[in-house]
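Residue numbers (my numbering), protein chains in the order written: chain A, 19 to 171; chain B, 19 to 171.
Each residue gets a CB set at the ideal place from its N, CA and C atoms; glycine is no exception.
Below is one structure, written out as structure tokens; the observations come after it.
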DNA sequence: CCTGTAAATTCAAGTTACTTGATTATCAAG
DNA sequence: CTTGATAATCAAGTAACTTGAATTTACAGG
């Protein structure tokens, strides 16, 4: 097998390890913080997006809207999030993450992000372009297949 | 300088979108197959990691041994896995994934994998090396922090 | 301006999955 | 051959999730 084919296989394999490691990290951190996995993923998305809605969180976690309601009740009671009225749609609510009430979370996530930034800093512009291109292509591919799965139901 | 910082930010952002898209794919596929998210992820771990015992699976998932028992009962009833006696330890069991009994799974996962392989084929050897290097560095970083979280408990 | 339909969220009742603690069987060591 | 630890399971109780209905608001067509 030539070296290019081998490299292709290495990339393929690396993407899987990337995914597995992310899952294991999530398991460890949610356990550490004392949240179940769904609750943690919810907080995680909120951290990325800043503000979200129960509908979006339902999609992200794969839970039903009813489950999201009780999950948000839990997170709100624990002061991880706040519900606010949506000024543009009086049916909806906006979910905000309370960053100050989660110093442990910030520290744990911040550590990984810091590590990632250090990795990124070691690449040239050219390489960064290659990496961004690959990551975006990967993401588009996953999205395409997700949509395909969801369509024929 | 500025464009490099911007590129770095793009990579950082792309890794997050990569993660989000993976989560949404997981939701879609587990729903499609009729497994809950936790069961699907376990099946995935069993397949990718070659995990073989309930004990090991419990460690990876953060579940208790009792939960793993009932989860394996579900997966076995649905014929996704098989329990076999461990010839080296009569207390234990070995878990095997039944690849043949899951054509739907194979087809769905195969689709994404095919797309990924097509993406990979468009890169030069040099670029592939860059990509592998980045993915591995990312994975190592996540693992390092996972271990750190698990250690001080 | 109405009216019907769809969407966002919540709620109540029933189901599923998880945890804890005990149980059985086996191992490993002295 | 006894002691302490480990692998898996089981039973009972708890926590989380789903389903389906209710409420409120949005929006499109007549």
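I'd like to know if residue 88/B contacts chain A, where contact means its C-beta is closer than 8 Å to some C-beta of that chain. So, not an interface residue.
If we define contact as Cβ-Cβ less than 8 Å, is residue 29/A a contact residue for chain B? Contact of residue 29/A with chain B is assigned, a C-beta pair being separated by under 8 Å.
Using a Cβ-Cβ cutoff of 8 Å, what residues of the stretch 68-96 of chain A are near chain B? List them in chain order. So the list reads 77, 78, 79, 80, given in the order they occur along the chain.
Give a yes or no on whether 8 Å exceeds the smallest Cβ distance from residue 157/A to chain B. So yes, residue 157/A belongs to the interface.
Please state whether DSSP places residue 114/B in a helix, a strand or coil. DSSP places residue 114/B within a strand segment (E or B) once states are collapsed to three.
Please confirm if the stretch 146-157 of chain B is in contact with the stretch 129-147 of chain A, defined as three or more CB-CB distances below 8 Å between the two stretches. Yes, they touch.
Please report how far the alpha carbon of residue 155/B lies from the alpha carbon of residue 101/B, in whole angstroms. Cα to Cα, residue 155/B sits roughly 36 Å from residue 101/B.
Tell me, which residues are paired with residue 121/A by DSSP? DSSP links residue 121/A through a beta bridge to no other residue.
Within 8 Å of any Cβ in chain A, is that where the Cβ of residue 46/B sits? Chain A contact via Cβ: present.
Using C-beta distances below 7 Å, list every residue in its chain close to residue 70/A, excluding the 5 sequence neighbours before and after it, in chain order. Excluding positions up to five away in sequence, the list reads 63, 64, 113.
If you follow the beta strand (DSSP E) that residue 100/A is part of, which residue opens it and which one closes it? It spans 99-103 - the beta strand (DSSP E) in which residue 100/A sits, taken as one unbroken run.
Rank 166/A, 137/A, 161/A, 147/A by C-alpha distance to the C-alpha of residue 28/B and give the top, closest one. Among 166/A, 137/A, 161/A, 147/A, the Cα nearest to that of residue 28/B belongs to 147/A.
By the DSSP assignment, the alpha helix (DSSP H) with residue 34/B in it spans what residues? Following the DSSP letters along the chain, one finds residue 34/B inside the alpha helix (DSSP H) bounded by residues 20-51.
Who are residue 69/A's beta bridge partners in DSSP? Per the DSSP secondary-structure output, residue 69/A pairs in a beta bridge with 114/A.
Classify residue 109/B: buried if its beta carbon has 16 or more other beta carbons within 10 angstroms, exposed otherwise. Flag for residue 109/B reads exposed.
When the cut-off is 8 Å and only beta carbons count, does residue 124/B lie next to chain A? Not closer than 8 Å to any Cβ of chain A, the Cβ of residue 124/B fails to qualify, so no.
When DSSP labels each residue in this structure, what does residue 173/A get in the three-state scheme? What the structure shows of chain A is the stretch from 19 to 171, and residue 173/A is not part of that stretch, so it cannot be assessed.
So is residue 53/A in contact with chain B if we call contact Cβ pairs under 8 Å? Judged by the 8 Å Cβ criterion, residue 53/A is not in contact with chain B.
Can you name the start and end residues of the alpha helix (DSSP H) that residue 95/B belongs to? Where residue 95/B is concerned, the enclosing alpha helix (DSSP H) stretches over 83-95.
Using the Cβ count rule (16 or more neighbours within 10 Å means buried), how would you classify residue 59/B? The residue is buried, with at least 16 neighbouring Cβ atoms inside 10 Å.
DSSP three-state assignment for residue 145/B, whether helix, strand or coil: Three-state DSSP puts residue 145/B in a helix.
So residue 72/B and residue 86/B are in contact, right, with Cβ under 8 Å, and what is the actual spacing, rounded? That pair is a contact at about 5 Å.
Span separating the alpha-carbon of residue 124/A from that of residue 84/A: Taking C-alpha positions only, residue 124/A is separated from residue 84/A by approximately 28 Å.
Run through chain B and tell me which residues come within less than 8 Å of residue 119/A, C-beta to C-beta. Close partners of residue 119/A in chain B (Cβ separation under 8 Å) are lacking, with about 20 Å as the shortest Cβ gap.
Which of the three DSSP states is assigned to residue 107/B in this structure? Note: residue 107/B maps to coil in three-state DSSP.
Shorter than 8 Å from the beta carbon of residue 115/B to some beta carbon of chain A? Not an interface residue.
Confirm, please, whether the CB-CB distance from residue 157/B to residue 39/A is below 8 Å. Result yes, Cβ atoms of residue 39/A and residue 157/B sit closer than 8 Å.
From 30/B, 37/B, 136/B, 79/B, residue whose alpha carbon lies closest to that of residue 23/A: The shortest Cα separation from residue 23/A among 30/B, 37/B, 136/B, 79/B belongs to 136/B.
Alpha-carbon spacing of residue 78/A relative to residue 45/A, whole angstroms: Distance from the CA of residue 78/A to the CA of residue 45/A, rounded to the nearest whole angstrom, comes to 17 Å.
Can you look up residue 140/B in the DSSP assignment and give me helix, strand or coil? Note: residue 140/B maps to coil in three-state DSSP.
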